[in-house]
Amino acid sequence: MKHEEWKKISRIMSKRSLWMVHFCTGCGAMEMPPVMTSRYDMERFGIFAMATPRQADVFLVTGYLAVKTLKRVVQVYEQMRDPKYVIGFGSCTINGGMYWDSYNTIKDLSKYIPVDVYIAGCMPRPEAIIDSFLKLMDMIDKGEAIGWQKYRKYYDQYKRNQKMAFEYRLDEVKPIKEDDKNES
Amino acid sequence: MVMEIVDILEKILILAGMVTLGFAIGMLFNGIARKVSARIQNRVGPPVYQGFIDVFKLFGKKTNISHGWIFDLAALFSVSGIALAFLFLPVAGYSMLSTDGDLFLILYLLAIPALGFALGAGASGNPNAAVGVMRALMSMLAYELPLVMVMVAMMVYYNTTSLANIVAAQANMQWAFFIPIFFIGALVADMALQGMLMEKPFDIPIAPHEIATGPMVEFGGKHLGALMLYKMMGTVVETTLFVDLFLGGGVVLSVAQYGWLAYLVNFAVWFVLILIVFLIAVMIDNVLPRFRIEQALKFYWKYDALIAIFILIWIFAGVKI
Amino acid sequence: MKAKELFPDAQELRKGRVRIELDKEQITDALKKLKENGYTHFVMLSCVDWIKEGKFELVYHMWSYEYKEHVMLSVKINRDGEDVVSNRELFPQIETYEREIHEMFGVNFVGNPRLGEFILEGWPHMPPMRKDFDTEKFVKDLYYKIPEVNEE
Amino acid sequence: MMKEYELFIGPNHPGVTGNMSYHLWAEGDKITRAETRVGYLHRGFEKLMEKRIWMQNVPLVCRICVPEPDVNEAAYSMAVEDLMGWEIPERAKYIRTIILEMARLSAHLLAVGGVAAALGIYTAAQWGIGDRDYLLDIFEQITGARVYHIYIWPGGVRWDLPKNAKELILKVLDYLEKRMPLYDDLIMHNKVFLRRSVGVGIVPKDKAIEWGVTGPNLRAAGYQLDFRRLEPYAAYDKIDFEVPYYPKLGDYEVLSDGSDIYTRTAIRMLEMQQSIRIIRQALKDMPEGDVLVKENKANKWFGWKVPAGYAYSRVESSKGEFGYFVVSDGGKKPVRVHVRGPSYTHGINVMETIARGMNIADFSPTAISLDVCPPDIER
């Protein structure tokens, strides 16, 4: 079989079997039980909540992230095996939402880990969650969900941003590009 | 000389085919179990072929890290061990690698993959996995006692240690299940089967709410795929063992009389029987909580084993009289 | 005995709500006295920052299931690092509230061994619940200035 | 021979409710020490509230307790009304009662299902959450949102109930009443469940009040104490209902000395029946009239000034006492809002103390049966 065809089958399989990390990072976790249970039943699409990050493919970051949680989120994300996908759930992951002036929550998730799909709203309805999963499946099918590759490629930048948030200070704001220029 | 080589090749081909069939049935059973659970829980559930997709996807995942070569080998060890166990079982009256003393051999072969699994989990160094392995070994100790006693009773009754002979003795629908004493024995063994299949109330080793899936905590990607294959094949092997012991291996037609048609019908019956046995386990799984490990030990050794001893005494007495 | 009888200068805010102002030294005795007299449910310990006066007000809330009365014992201390005696032996949950107030306001409770990081982790700045900590400015200076990941 | 090892339950673990973690030290199966780690959900609510006007805080407070947001709105509104000296219209009181009891029902369904799931009956959790969704549908009809309703406001409720609300609610109540026996069969009469829950996770009875245990957990320890009775708010003083407590478990057998997982679950099941009864009565007795005080209607968008003072209001939530301590200096914004969440004591002191000597297998069911909900710990 050709390599390309093989890849295509592999993508079809992985889109039909998205295992999710069972990590309630914020209040969005409240709408996850209805989505997982009888009313909306995510398992129809092969989506299943997994207990540990090693077994999972999708990381649903449910809602706002306190900096203390961000540390765990990054750890969990790094423990997941490639290919892995991130869904940012709710307004809080997009721009801070309700907590735009809170000193302890991050405002834009994509600065710290790559996000494939965002869901808007506070809270997003279960239909929106399922829709986002379908969108993600579509992206996997087309080979567009490449957040995990981005994380490898721009690892220094993500790490720099994470460090700034973890330490609550902007000591080395210099973009990495300029550093390179200075050295050369 | 040529004929011999052809014979061996044919044998290998059949064995490979059987193993593949076993894995396929295991994957199908995984999907069926999830579908049935979903229906009990008022849900639609995944498609029945979900098991295939999951395993395929897991093998397509990249391996970022490893916990050492024991960890890598353990999963392989489990899968090959369980496949070997499957080959030593008579399936629908058709024995592949059966020999005379194979009932004990099968018990050992069933323990080997579990040990491999435990080894891998231990190598991962996660405390949850360590607790899970302890629990897995303890529950193995627990359910094997009543199971072995019932098996010994059967060996004495049928005067053989070979599973193939036990199956043969139950031909013409003279299943052990219909003998009152072994009907009780079947119930005892079914409880042990519940523990072997790691279904509730005996899913203590993987209890997600307590130890986050226990031994499987650090497994992911290809390792988890292999483990899932092991577990799926495990359901087939364990239910087949039960069917062989009590339901005559699903043999309804004699091969000598009907030829290839008998094979076909027997395989169909065997499939239906292991499915029924498995579904009973799944349904019990869905309505019961899990025991604590010492409660499981108590259950197996106090109630299950006591009935098994009663069966043993009955059989020995019957033989003497 | 009701709080009014124990503390004559108690001020009744409305039915079932009594506020008593105390000095720092009296607080342990007052808590003990109330506990012995039926005020068995320790509700919470909160802290109010009165920045204009330069004071922190510690409010010990207690409730009596017997009299259906809620008592607020309030103690004012200086904002600039005045120590308070820990009362964690009286009610175990006071320990947790003291940990929180130590972290959020910077009040030091003498005799509480578990003070330290509780809710925040690695917080290098001024305790955030103080009035002079401007959360909006902090957010604009930190989170909004963290650069986007540059994809090229 | 036994070596002590560390075990982390959470934050990424199926055995915790929400985002919190327990750090356990264990020998074999016995826990020797436990520490609760919180702060993963800290958003600095109390700081944010000081920056917003009184009315703007209503959308914030409901986010403090996610499974049951209405108690926060009610408690905050009551504190503000107390300072303002408002007496809310009679109809609004009844509507609040209905909303609060519906919230209690939905939270209890989640909690009972959660306890069952922690012990392994996932079917119960699936059923419970599925049935809870019908309640959320009614919330959506009344308030426009499934989870965060922002319906109870200082001065009453946001708007009147829709015309068909009564039929809708009664229909769901009938359905739930029909489902209750199924839950009894699946959970409360399940022999294995009894094995796992009777006499497990005991909060010492004599210490319960001193430790600040409230709500169903306190009643399971044998005290008939309920703030709906002790300090009636909304329309609870006009409604006839029972407060189930330990030796009086109604249809359920008394199997233990109380204060264990089984009794707490039984109390929750009984409270659900009472909630259904309360909603029925409130729907029947509800008078016609306004639902919001006039003062609020006049200038709610510009913000009003609240007289200086201290106020503490409390609501009996499904988890225990929810209290709001509000301080005003006469301005447009509060000086301090401090929230007393029931999980603060249940999750930290109580769990840390009773975990000692407990089996690892019983830890997470105990935490879930105490209904520990992290967002109200760290806010």
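Protein chains in written order, with the numbering used here: chain Z, 364 to 547; chain D, 149 to 469; chain E, 167 to 318; chain R, 69 to 447.
For glycine and all other residues, C-beta sits at the position ideal for the given N, C-alpha and C.
Since the structure is predicted, the reported quantities are computational estimates derived from the model, not experimental observations.
A Cβ-Cβ contact shorter than 9 angstroms links residue 333(D) with residue 298(D).
Considering only beta carbons, the part of the segment 87-110 of chain R lying closer than 7 angstroms to chain Z consists of 87, 107, 108, 109, 110, in chain order. A distance of 9 angstroms or more separates the beta carbons of residue 409(R) and residue 395(R). With contacts defined as CB atoms closer than 9 angstroms, residue 238(E) and residue 313(R) fail to qualify as a contacting pair.
In terms of Cα proximity to residue 406(R), the closest of 418(R), 390(R), 317(R) is 390(R).
Burial check for residue 250(D): the Cβ neighbour count within 10 Å reaches 16 or more, so the residue is buried.
In this structure, residue 276(E) and residue 267(E) do not form a Cβ contact; the two beta carbons are roughly 13 angstroms apart against a cut-off of 8 angstroms. In this structure, DSSP gives residue 275(D) a helical state, which the three-state scheme calls helix.
For residue 116(R), the chain Z residues whose Cβ falls inside 8 angstroms of its Cβ are 462, 464, 465, in order along the chain. Cβ-Cβ distances below 7 angstroms link residue 410(D) to 401, 402, 403 in the same chain, with the five nearest sequence neighbours on each side left out; the list follows chain order. Residue 255(E) carries a coil assignment under DSSP once its states are collapsed to helix, strand and coil. Under the criterion of beta carbons closer than 8 angstroms, residue 260(R) and residue 439(D) qualify as touching, at roughly 7 angstroms. 9 angstroms or more divides the Cβ of residue 93(R) from the Cβ of residue 371(R). Taking CB atoms only, residue 414(Z) has a neighbour in chain R less than 9 angstroms away. When Cβ pairs closer than 8 angstroms are counted between the two stretches, the segment 145-159 of chain R is seen not to touch the segment 413-420 of chain Z, the count staying below three.
Here the alpha carbons of residue 231(D) and residue 165(D) stand approximately 12 angstroms from one another. Around the beta carbon of residue 369(Z), fewer than 16 other beta carbons lie within 10 angstroms, which makes this residue exposed.
Close partners of residue 332(R) in chain D (Cβ separation under 9 angstroms) are lacking, with about 16 angstroms as the shortest Cβ gap.
Taking one beta carbon from each stretch, the segment 288-298 of chain R and the segment 245-253 of chain R have fewer than 3 pairs nearer than 8 angstroms; the two do not touch.
Separation of residue 221(R) and residue 359(D) (C-alpha to C-alpha, rounded to the nearest whole angstrom) is 43 angstroms. By alpha-carbon distance to residue 439(Z), the top candidate from 80(R), 315(R), 310(R) is 80(R). Around the C-beta of residue 318(D), 16 or more other C-beta atoms lie within 10 Å, and the residue is accordingly described as buried. The way I'd put it, the segment 370-383 of chain Z doesn't touch the segment 164-181 of chain R; fewer than three beta-carbon pairs between them come closer than 8 angstroms.
Around the beta carbon of residue 236(E), a 10 Å sphere encloses 16 or more other beta carbons of the protein chains shown; the residue is thus reported as buried. Any Cβ of chain E closer than 9 angstroms to the Cβ of residue 282(R) would place that residue at the interface, and such an atom is present. About 5 angstroms separates the Cβ atoms of residue 178(D) and residue 380(D), confirming a contact at the 8 angstroms cut-off. Looking at 281(D), 427(D), 378(D), the one whose alpha-carbon comes closest to that of residue 96(R) is 281(D). Within the segment 391-429 of chain R, the runs of beta strand (DSSP E) at least 3 residues long that lie entirely inside it are, in chain order, 404-408. Between residue 393(Z) and residue 135(R), the C-beta gap is smaller than 9 angstroms, which places the two residues in contact. The C-alpha of residue 238(D) is placed about 51 angstroms away from the C-alpha of residue 102(R). Under the DSSP assignment, residue 455(Z) falls outside any beta strand (DSSP E), being part of the alpha helix (DSSP H) whose first and last residues are 454-458. For residue 188(E), there is no enclosing alpha helix (DSSP H); the residue is part of the beta strand (DSSP E) that begins and ends at 183-188. Chain order gives no chain D residues near residue 72(R), where near means a beta carbon separation below 7 angstroms; the closest approach is about 11 angstroms.
DSSP places residue 478(Z) outside both helix and strand once states are collapsed to three, so it counts as coil. Sequence-distant Cβ neighbours of residue 75(R) in its own chain, meaning closer than 6 angstroms and more than five residues away, are 92, 94.
Only exposed fits residue 168(D), as fewer than 16 other CB atoms lie within 10 angstroms of its CB.
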